[in-house]
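Peer 1: One structure is given below, represented as structure tokens, and several questions about it will come after.
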Amino acid sequence: MEELEQRYINMLNIAGHGVWDWNAVTNEVFFSTQWKKMLGYEPDEIHNNVEEWSSRVHPDDFNQCINELAALFSGQIEHYRNEHRILCKDGTYRWILDQGSVVEKNAKGAPVRVVGTHTDIDDLRRALEEAKGR
3 MEELEQRYIN MLNIAGHGVW DWNAVTNEVF FSTQWKKMLG YEPDEIHNNV
53 EEWSSRVHPD DFNQCINELA ALFSGQIEHY RNEHRILCKD GTYRWILDQG
103 SVVEKNAKGA PVRVVGTHTD IDDLRRALEE AKGR
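Throughout the sequence shown, residue numbering follows my numbering, covering 3 to 136 in sequence.
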């Protein structure tokens, strides 16, 4: 990874954002240490494939995630932004703000590389739900 990219990842990690970098051709995904830590994992416990993410998305949120990613891939939207629950190592679900954009396309215009961030918004979502219940 280039030095500039590593600096950017370091800044996002400091801000508490997990970084992901998805090769849409091979389905390989780089997940930053902060991305893994957010879910309670050590760096070597999550492998670099898209199933590591998709298998952890809450079943009630999965279709919405996939539909929004499909809209990104088809060019209907330029930026993916989704709030969903994701399974942590301890068996609990946390609310995540997942955002990303296509940063590289092939000659036919199909996405090749998509990069984005995960931000833990669990405390905020739970506070909003609690406030609604009052």
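The beta carbon of each residue, even a glycine, is placed where N, CA and C say it ideally should be.
1) Let's see if you can read the secondary structure: which residues bound the alpha helix (DSSP H) around K107?
2) What first and last residue would you give for the beta strand (DSSP E) that runs through E30?
3) Whose C-beta lies closer than 8 angstroms to the C-beta of D62 among residues of the same chain, with five residues either side of it excluded?
4) Classify L126 as buried or exposed, calling it buried when 16 or more other Cβ atoms lie within 10 Å of its own Cβ.
5) What does a CB cutoff of less than 6 angstroms around N84 pick up in its chain, not counting 5 residues either side in sequence?
Peer 2: The relevant details are as follows:
1) Counting along the chain, K107 sits inside no alpha helix (DSSP H); it lies in the beta strand (DSSP E) bounded by residues 95 to 107.
2) Run containing E30: 30 to 33, per the beta strand (DSSP E) assignment.
3) Answer for D62: R87, listed in chain order.
4) Exposed: under 16 other Cβ atoms inside 10 Å.
5) So the list reads C67, E70, D100, once near-sequence residues are dropped.
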